[in-house]
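Under my numbering, the first residue of the sequence shown is numbered 61, with each subsequent residue one higher. Note that the Cβ used here is the ideal one computed from N, Cα and C, for glycine as well. Nothing here was measured: the structure is a model prediction, and the numbers come from that model. Quick notes on the structure that follows.
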Amino acid sequence: MTPDLLIRNAHALDPATGLDSPRDILIHHGRIAAIELPGILPAGPEELDATGLTLAPGFIDIHVHLREPGQTYKETIATGTRAAAAGGFTTVVAMPNTLPVNDSVASLHWMLSPARNAAVNLCAMPAATLGSLGETLSDYEALANAGAVGFTDDGKPVLDSDIMWAALVASARLGLPISQHAEDTRLTGGCSMNFGPVAFRLGLRGMTIEAESNIVERDIQLLRDIEKVEGLRPHLHVQHVSTAKALAAIRLAKQQGLHVTCEAAPHHFTLTDEALEHFDTNAKMNPPLRAESDRQAVIAAILDGTVDCIATDHAPHAAYEKEVEFERAPNGITGLETALGLALRILHRDHGLPLAKIVTLMSTNPAQLIKLHDRGNLKPGSHADLVLFAPAAAWTYSAEVSLSKSKNSPFDGAPMLGQIHTTLSEGRIVHRAS
61 MTPDLLIRNA
71 HALDPATGLD
81 SPRDILIHHG
91 RIAAIELPGI
101 LPAGPEELDA
111 TGLTLAPGFI
121 DIHVHLREPG
131 QTYKETIATG
141 TRAAAAGGFT
151 TVVAMPNTLP
161 VNDSVASLHW
171 MLSPARNAAV
181 NLCAMPAATL
191 GSLGETLSDY
201 EALANAGAVG
211 FTDDGKPVLD
221 SDIMWAALVA
231 SARLGLPISQ
241 HAEDTRLTGG
251 CSMNFGPVAF
261 RLGLRGMTIE
271 AESNIVERDI
281 QLLRDIEKVE
291 GLRPHLHVQH
301 VSTAKALAAI
311 RLAKQQGLHV
321 TCEAAPHHFT
331 LTDEALEHFD
341 TNAKMNPPLR
351 AESDRQAVIA
361 AILDGTVDCI
371 ATDHAPHAAY
381 EKEVEFERAP
391 NGITGLETAL
401 GLALRILHRD
411 HGLPLAKIVT
421 LMSTNPAQLI
431 KLHDRGNLKP
441 GSHADLVLFA
451 PAAAWTYSAE
461 VSLSKSKNSP
471 FDGAPMLGQI
481 HTTLSEGRIV
491 HRAS
């Protein structure tokens with residue numbers, strides 16, 4: 061049992077309650093026991109002076125690849141969650157594209173077992189279809205009873221419309237989201253980057269924006285049809301949206317009252333496909349980095365509320381896997397330790413998004429999206445999942461010192477804004493800046 065801890069003189073920022081002012085916070089048995097104006101709460105056996113720091117609900121990343129089981133040379137649940145803690149995350153949602161695929165109660169129990177030594181709260185979205193093959197639904201009811209927070213074949217789309225219909229209906233009956241990797245793979249075979257002038261110059265085949273938007277538009281139409289025919293209200297969550305066209309479809313669907321949410325990844329609001337001019341495989345990902353017009357569309361969609369959360373799509377790969385010809389290199393970059401630094405630099409400093417909105421995108425909204433009612437806020441009684449950070453601190457990211465097992469980041473040496481000071485998971489300090 062963790063001892064009582066009093067955090068003194070923090071600037072508490074909690075969009076869930078509207079709190080944005082100095083507070084002391086008392087932690088008892090891993091929960092928030094009280095939060096008061098400075099000087100009211102009695103001294104505790106342990107104290108942490110947070111003068112000059114912002115205190116927010118710990119960040120929640122609903123899209124993380126932890127590679128275990130099966131690819132522990134890239135990452136393990138232990139190393140990935142330590143990297144998460146270093147980035148201020150106190151809950152991460154593991155994707156199912158492990159070896160074997162997480163598509164059964166047994167594999168879900170194995171993943172969520174305390175024996176995996178997760179440093180922070182670990183959740184999982186098992187595969188939407190058995191083996192992520194897109195042919196037969198997994199056992200949603202059994203998986204939900206075992207703790208699943210949603211279903212996804214991430215890394216692959218649920219391409220067949222009938223299967224996607226069945227997935228949305230089954231998940232709607234359980235009140236859980238289907239999280240879709242929107243890619244029409246019939247259009248992207250042999251493609252390794254965004255379609256456009258950069259791909260033309262490099263002599264590479266590019267993915268069109270329609271490869272993403274076609275699936276988004278198809279899925280939104282399925283929501284309309286299911287509401288009409290089945291009388292259900294499915295929740296479609298669109299992962300790592302990267303194009304203006306897909307965002308326009310999501311924006312319209314929200315205006316029409318459909319239950320659609322979406323996420324944006326920091327790399328898509330920070331970089332464009334010009335980062336690939338020198339065939340840097342550490343900038344190769346899927347969806348690919350897009351043109352500047354799409355990057356600006358992602359930022360605009362964050363600013364106007366179309367985007368519900370920031371998710372990293374943390375995808376570690378070993379160095380030798382990336383040190384090959386560009387077209388042979390796997391997609392994906394690490395991202396847990398750079399998410400806040402990029403969000404504050406690009407969205408807060410450059411585009412004026414209030415700090416509270418950053419916290420909403422990284423904590424409040426993702427908690428609500430996967431129904432973690434006692435996380436993602438600073439209410440008494442909630443888990444003491446907390447992050448203390450210095451929002452104005454400038455620093456430079458070094459992949460070499462990353463706590464992830466893999467170092468495949470295009471942001472090595474990049475400037476960041478906002479430095480994590482301390483991360484607490486259920487009252488335990490799981491990361492403290494050196």
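Beta bridge counterpart(s) of GLY266 as assigned by DSSP: Taking the sequence shown and counting its residues from 1, one reaches residue 266 at position 206. Looking at the DSSP assignment, GLY266 forms a beta bridge with MET253.
Distance between HIS443 and ILE280 (C-alpha atoms, nearest Å): In the sequence shown, the residue the question calls residue 280 occupies position 220. In the sequence shown, the residue the question calls residue 443 occupies position 383. Roughly 35 angstroms between the two C-alpha positions.
Close-in-space but distant-in-sequence residues of the same chain around VAL218 (CB under 7 angstroms, 5 per side omitted): Counted from its first residue, the sequence shown places residue 218 at position 158. Excluding residues within five positions, the ones whose Cβ falls inside 7 angstroms are ALA188, THR189, GLY194, MET224, ALA227, GLN240.
Per DSSP, cross-strand counterpart(s) of SER485: What you label residue 485 is simply residue 425 of the sequence shown in a count that begins at 1. DSSP lists ARG488 as the bridge partner or partners of SER485.
Local Cβ density within 10 Å of TYR200, reported as buried at 16 or more and exposed below that: As a working mapping, residue 200 is identified with position 140 in the sequence shown. So TYR200 counts as buried.
Neighbourhood of GLN131 by C-beta distance below 8 angstroms, restricted to the same chain and skipping five residues each side: Indexing the sequence shown from 1 puts residue 131 at position 71. The residues THR158, LEU159, in chain order, have a CB closer than 8 angstroms to that of GLN131 in the same chain once the five nearest residues on each side in sequence are set aside.
DSSP state of SER81 mapped onto helix, strand, coil: In the sequence shown, residue 81 corresponds to position 21, counting from 1. Assigned with DSSP and collapsed to three states, SER81 falls in strand.
Of the residues ALA360, VAL298, GLU397, ASP109, the one placed nearest ALA474, counting alpha carbons only: Taking the sequence shown and counting its residues from 1, the one referred to as residue 474 is at position 414. Checked all of ALA360, VAL298, GLU397, ASP109; the closest Cα to ALA474 is GLU397.
Where the alpha helix (DSSP H) through GLU352 begins and ends: Residue mapping note: residue 352 aligns to position 292 of the sequence shown, counting from 1. Counting along the chain, the alpha helix (DSSP H) containing GLU352 begins and ends at 352-363.
Distance CB(LEU402)-CB(THR330) smaller than 7 angstroms: The sequence position of residue 402 within the sequence shown is 342, counting from 1. The sequence position of residue 330 within the sequence shown is 270, counting from 1. Between LEU402 and THR330, the gap from beta carbon to beta carbon is short of 7 angstroms.
Minimum C-alpha distance to GLY478 - residue among ASP364, ARG311, LEU404: Position 418 of the sequence shown, counted from the first residue, corresponds to residue 478. The candidate whose alpha carbon is nearest that of GLY478 is LEU404.
ALA116 vs VAL447 beta-carbon contact at 7 angstroms: Position 56 of the sequence shown holds residue 116. Position 387 of the sequence shown holds residue 447. A Cβ-Cβ contact shorter than 7 angstroms links ALA116 with VAL447.
Contact under 7 angstroms by Cβ, PRO174 with MET253: If you number the sequence shown from 1, residue 174 lands on position 114. If you number the sequence shown from 1, residue 253 lands on position 193. Judged by their CB atoms, PRO174 and MET253 are not nearer to each other than the 7 angstroms cut-off.
VAL298 - partner residues in DSSP beta bridges: Sequence index remark: in the sequence shown, residue 298 carries index 238 (1-based). When beta bridges are read from the DSSP output, VAL298 appears opposite GLN240, CYS322.
Straight-line Cα distance separating GLY317 from ALA450: Translated into positions along the sequence shown, residue 450 becomes position 390. Translated into positions along the sequence shown, residue 317 becomes position 257. When rounded, the distance between both Cα atoms is 38 angstroms.
Exposure label - ALA103; buried when at least 16 CB within 10 Å: For this step, residue 103 is matched to residue 43 along the sequence shown. Under this definition ALA103 is an exposed residue.
Bridge-paired residues (DSSP) for THR114: Residue 114 sits at position 54 when you count from the first residue of the sequence shown. In the DSSP output, where bridge partners are listed per residue, THR114 has HIS71, PHE449.
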